[in-house]
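Note sheet for the following structure.
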Amino acid sequence: MSDKKQSRIRRHRKVAYSLLSLLVLTLVLPLIPYAVAEKDETAGKVFNPGTELWRDVRQRDRDVIGTTQMKSVDAGVLINEYGETWRHFRMQQLVPYGAALMGIVLSIILLFYLLRGPLRLQEEPSGKKIERFTVFERTVHWFTVAIFWLLALTGLILLYGRFVLIPILGADGFGITASACKEAHNLFGPTFLVALVLLFLTFVKDNIYARGDMLWLLKGGGMLGGGHVSAGRFNAGEKIWFWIAIIGGLVLSVTGLILVFSILGQSREIMGLSHVLHGIVALVVISVSFGHIYLGTAGVEGTLGSMTTGYVDEAWAKSHHDRWYAEVKAAEDGSDKIVDEPGLATEGKS
Amino acid sequence: MAAMKFYCDAERCIECNGCVTACKNENEVPWGVNRRRVVTIKDGEPGERSLSVACMHCSDAPCAAVCPVDCFYTTDDGIVLHDKDICIGCGYCFYACPFGAPQFPKEGAFASRGKMDKCTFCAGGPLPDNSSEEYRKYGANRIAEGKLPACAEMCATKALLAGDADMVADIYRKRMVNRASAALGKGFQLREQNIGSGVDLKGKVTN
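Keeping their order, the protein sequence lines are chains R and Y. Mapping of the first sequence onto the numbering used here: residues 1 to 350, in sequence order. Mapping of the second sequence onto the numbering used here: residues 1001 to 1207, in sequence order.
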């Protein structure tokens, strides 16, 4: 190998390195100003007070509360971004979906009634009656019913009246109706909380989960065929309705109080959120109540008497609440002996 | 068809609350109700600006959309008004309004909201023009007399503009051109002038 050849290789290597470094520099050098510029963010920016002001007014980056001489709620907020969200919820979601929910539930109930009809007793009515609800229990129930439906109807009129009642009553006529509804809703709203507490205290002891409830639920309460399912004083369906009413009612009461006592100075955002919860929960509880009303009247033969006279036929008790019937009979016999139910532990109802 | 609009020039408003006083005096609104208010952003800090705000008479008014009794209407002049004989004082317009314009006197059960009151662009209400009944419920009807709202007429610095949207826009556009050229004439950086234009000294758009 000659020196000449070695020097040629060296020269080639030098050329290659030069070209490579040239290429790297061509790519990297133009980036340096960017790297430097990033260190001083404000250098390339022109501060624009007009843009800053309107960004603050629109609350784009942060909540900007201004100062003002006015003492009213949210007076320092120039633009309430939340309002548009609430408008969308009420007009595009609550109104149509609420109507759809109630319509679907009513349709299902009607369809069920037409297809399967009311649930009949397993045996002929015996004529012998036993007490199911005391006068106090019935009073609490109907007190709650009266206030609930007063509030539900006035609330539904306020939600749907514009679409349904204005074409019938005219704007002025509906104005008077709606005004009465609003006053009634606001006045009797807090009373619902009283009814709710009474309802809870009266019925809670029989609405705790007991063994057998899951079996009742799995069998669909016997409504889908397969005959009657064993139950205590209240079956699992009634218990679920009880807890929906209590928890839903509590949410309705709390959000309702936030909405009615606007004098306390809560912000629009809090009131808007309360309205969202109030609307959703109200429509759900109303829809579920349709099912309760159906099962208490036309849906199950001989049930209505339990809440009107307080008494039910023994045959009804045996059919729907066999374990409760057994307990009542055991208590009547003056013995503590509870009739054994195969496969099911009896609950401690006195 | 005209479209009546307010515009508040933040570079001119000096937070004197003259518009608020003029409004209260002109319309004799109840205690606790303020149809117009002045809000100051960054009070006492660099970049402090004030804006006078009332009902902005929206083209697609959220208050009218959510009203459960449909008591709002838009006049031929594009002014959003409401009928207090139909209003039930539910407060929904207040939740929906971006500007906090609807106001409620405290009355009724639990001192809840009475019938809503808001800026009428000094255009009264649905009752006969300038009747005593209209004045009692809605305040002055200056529009029927061929006048503009009292707040804008009283504004000492002419920060608050009221009138047909095209005319208001023309006035504001002229102001912007004048401010920009004045700044250029003096040779100041626009950012020092705080006039809010995105143009630098050589006329290049910078943002």
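Just so you know, even glycine gets a beta-carbon here, dropped at the ideal spot from N, CA and C.
Can you name the start and end residues of the beta strand (DSSP E) that Y/Ala1162 belongs to? As a position in the second sequence, residue 1162 of chain Y is number 162, starting the count at 1. Y/Ala1162: member of the beta strand (DSSP E) spanning 1160-1164, first to last residue.
Decide if R/Thr42 is buried, meaning its Cβ has at least 16 other Cβ atoms within 10 Å, or exposed. In the first sequence, counting from the first residue as 1, residue 42 of chain R sits at position 42. With a pLDDT of only 49 at R/Thr42, under the threshold of 50, the placement of this residue in the model should not be trusted; the figure read from the coordinates follows. R/Thr42 should be labelled exposed.
R/Ala245: which of R/Asp313, R/Lys318, R/Ser289 sits nearest, CA to CA? Counting from 1 along the first sequence, the entry for residue 245 of chain R is found at position 245. Closest by alpha carbon: R/Ser289.
Starting from the Cα of Y/Gly1217, find the closest Cα among Y/Asp1083, Y/Tyr1007, Y/Ala1180 and give me that residue. Residue numbering for chain Y in the displayed model covers 1001 to 1207; residue 1217 of chain Y lies beyond these limits and cannot be assessed.
For the candidate residues Y/Ala1096, Y/Cys1063, Y/Tyr1095, whose alpha-carbon lies nearest to that of Y/Val1080? Position 80 of the second sequence, counting from 1, holds the residue named residue 1080 of chain Y. Closest by alpha carbon: Y/Cys1063.
Take R/Glu314 as the anchor and find which of R/Gly127, R/Val57, R/Ser267, R/Ile286 has the nearest alpha-carbon. Against the first sequence, residue 314 of chain R aligns to sequence position 314. Out of R/Gly127, R/Val57, R/Ser267, R/Ile286, R/Gly127 has the C-alpha closest to the C-alpha of R/Glu314.
Under 8 Å, with one C-beta from each stretch per pair, do the stretch 1043-1062 of chain Y and the stretch 1091-1109 of chain Y reach the 3-pair mark? yes
Based on DSSP bridge pairs, tell me the residues matched to Y/Ala1123. The residue labelled residue 1123 of chain Y in the question sits at position 123 within the second sequence. DSSP lists Y/Asn1141 as partners of Y/Ala1123.
Nearest to R/Glu238 by CA position, among R/Ile270, R/Pro190, R/Leu295, R/Val284, is which residue? The residue labelled residue 238 of chain R in the question sits at position 238 within the first sequence. If we check each option's Cα against that of R/Glu238, R/Leu295 comes out closest.
Fully enclosed by the stretch 181-254 of chain R, which beta strand (DSSP E) runs are 3 residues long or longer? For the beta strand (DSSP E) assignment, the stretch 181-254 of chain R encloses no uninterrupted run of at least 3 residues.
Can the beta-carbon of R/Thr255 be found less than 7 Å from the beta-carbon of R/Leu277? On the first sequence, position 255 is the one that residue 255 of chain R refers to. On the first sequence, position 277 is the one that residue 277 of chain R refers to. In this structure, R/Leu277 lies closer than 7 Å to R/Thr255 by Cβ.
Please say whether Y/Val1066 and R/Gly175 have beta carbons closer to each other than 7 Å? Here residue 175 of chain R is taken as the residue at index 175 of the first sequence, counted from 1. Here residue 1066 of chain Y is taken as the residue at index 66 of the second sequence, counted from 1. No.
From the DSSP output, read off the bridge partner residues of R/Met271. Here the question's residue 271 of chain R lines up with position 271 in the first sequence. As far as DSSP is concerned, R/Met271 takes part in no beta bridge.
List the residues of chain R that Y/Leu1184 touches, going by C-beta distances under 7 Å, in chain order. Working through the second sequence from its first residue, we reach residue 1184 of chain Y at position 184. Listed along the chain, the chain R residues whose CB falls inside 7 Å of the CB of Y/Leu1184 amount to none; the nearest CB is some 15 Å away.
Which stretch, first to last residue, makes up the alpha helix (DSSP H) that contains R/Leu110? Within the first sequence, residue 110 of chain R is the residue found at index 110, counting from 1. R/Leu110 -> alpha helix (DSSP H) spans 95-116.
Which residues in chain Y sit within 8 Å of R/Arg62, going by Cβ to Cβ distance? If you number the first sequence from 1, residue 62 of chain R lands on position 62. For the C-beta of R/Arg62, not a single chain Y residue is nearer than 8 Å; the gap to the nearest is close to 12 Å.
When the Cα of R/Val135 is compared with those of R/Thr308, R/Leu114, R/Lys329, R/Ala326, which residue comes out closest? Counted from its first residue, the first sequence places residue 135 of chain R at position 135. The candidate whose alpha carbon is nearest that of R/Val135 is R/Thr308.
Measure the CB-CB distance between R/Ile258 and R/Ser274 and report whether it falls below 7 Å. Taking the first residue of the first sequence as 1, we reach residue 258 of chain R at position 258. Taking the first residue of the first sequence as 1, we reach residue 274 of chain R at position 274. Their beta carbons are under 7 Å apart, which means R/Ile258 touches R/Ser274 by this criterion.
Distance, Cα to Cα, R/Gly161 vs Y/Arg1136? To locate residue 161 of chain R, count along the first sequence from 1; it is residue 161. To locate residue 1136 of chain Y, count along the second sequence from 1; it is residue 136. Their backbone Cα atoms lie some 29 Å apart in a straight line.
Tell me, please, which residues DSSP counts as bridged to Y/Asp1117. Here residue 1117 of chain Y corresponds to residue number 117 of the second sequence, with the count starting at 1. Bridge partners of Y/Asp1117: Y/Gln1103.
Which term fits R/Arg132, buried or exposed, when burial requires 16 or more other beta carbons within 10 angstroms of its beta carbon? Counted from its first residue, the first sequence places residue 132 of chain R at position 132. Counting Cβ neighbours within 10 Å, R/Arg132 comes out buried, since at least 16 surround it.
Hey, R/Leu53 and Y/Ala1010 are a contact pair by Cβ (cut 8 Å); roughly how many whole angstroms apart? As a first step, residue 53 of chain R must be located in the first sequence, where it is residue number 53. As a first step, residue 1010 of chain Y must be located in the second sequence, where it is residue number 10. With a Cβ gap of about 6 Å, R/Leu53 and Y/Ala1010 count as contacting.
Counting only C-beta atoms, is Y/Trp1031 closer than 7 Å to chain R at any point? For the purposes of this step, residue 1031 of chain Y is identified with residue 31 of the second sequence, where counting begins at 1. Taking Cβ atoms only, chain R never reaches closer than 7 Å to Y/Trp1031, which makes this a no.
Within the 7 Å Cβ cut-off, does R/Met70 reach chain Y? Reading the first sequence from its first residue, position 70 is the one you call residue 70 of chain R. Yes, because at least one Cβ of chain Y sits closer than 7 Å to the Cβ of R/Met70.
Helix, strand or coil for R/Thr67? Go by DSSP, reduced to three states. Taking the first residue of the first sequence as 1, we reach residue 67 of chain R at position 67. Three-state DSSP puts R/Thr67 in a strand.
Does any CB atom of chain Y fall closer than 7 Å to the CB of R/Asn235? Sequence index remark: in the first sequence, residue 235 of chain R carries index 235 (1-based). No - not a single Cβ of chain Y is within 7 Å of the one on R/Asn235.
Simplified DSSP assignment, three categories, for R/Val260: Taking the first sequence and counting its residues from 1, the one referred to as residue 260 of chain R is at position 260. Helix, per DSSP.
I'd like to know whether the C-beta of Y/Tyr1095 is nearer than 7 Å to at least one C-beta of chain R. For the purposes of this step, residue 1095 of chain Y is taken as residue 95 along the second sequence, with counting starting at 1. By this cut-off, Y/Tyr1095 is an interface position.
The stretch 1023-1049 of chain Y: which residues have C-beta closer than 8 Å to a C-beta of chain R, in chain order? Gly1032, Asn1034, Arg1037, Val1038, Val1039, Thr1040, Ile1041, Lys1042, Asp1043, Gly1047, Arg1049
Can you tell me which of Y/Gly1124, Y/Cys1023, Y/Ala1152, Y/Leu1160 puts its alpha carbon nearest to the alpha carbon of Y/Ala1144? In the second sequence, counting from the first residue as 1, residue 1144 of chain Y sits at position 144. The shortest Cα separation from Y/Ala1144 among Y/Gly1124, Y/Cys1023, Y/Ala1152, Y/Leu1160 belongs to Y/Gly1124.
Return no unless some Cβ of chain Y is closer than 7 Å to the Cβ of R/Ile286. One-based indexing of the first sequence puts residue 286 of chain R at position 286. No, no contact with chain Y.
Against chain R, does Y/Ser1059 count as a neighbour if the rule is that its beta carbon must be under 7 Å from one of theirs? If you number the second sequence from 1, residue 1059 of chain Y lands on position 59. Not a single CB atom of chain R sits nearer than 7 Å to the CB of Y/Ser1059.
Quick one: does Y/Asp1070 have its CB under 7 Å from some CB of chain R? Walking along the second sequence from the start, residue 1070 of chain Y turns up at place 70. Yes - at least one Cβ of chain R is within 7 Å of the one on Y/Asp1070.
Beta-carbon proximity of R/Phe143 to R/Ala184, cut-off 7 Å: On the first sequence, residue 143 of chain R is found 143 positions in, with the first residue counted as 1. On the first sequence, residue 184 of chain R is found 184 positions in, with the first residue counted as 1. Taking 7 Å as the Cβ cut-off, R/Phe143 and R/Ala184 do not qualify as a contacting pair.
Nearest chain R C-beta to Y/Pro1105 closer than 7 Å, yes or no? Against the second sequence, residue 1105 of chain Y aligns to sequence position 105. No, its Cβ sits nowhere closer than 7 Å to a Cβ of chain R.
Of all the beta strand (DSSP E) runs that stay within the bounds of the stretch 271-333 of chain R, which reach a length of 3 or more residues? Inside the stretch 271-333 of chain R, DSSP marks whole beta strand (DSSP E) runs of 3 or more residues at positions 311-313, from first to last along the chain.
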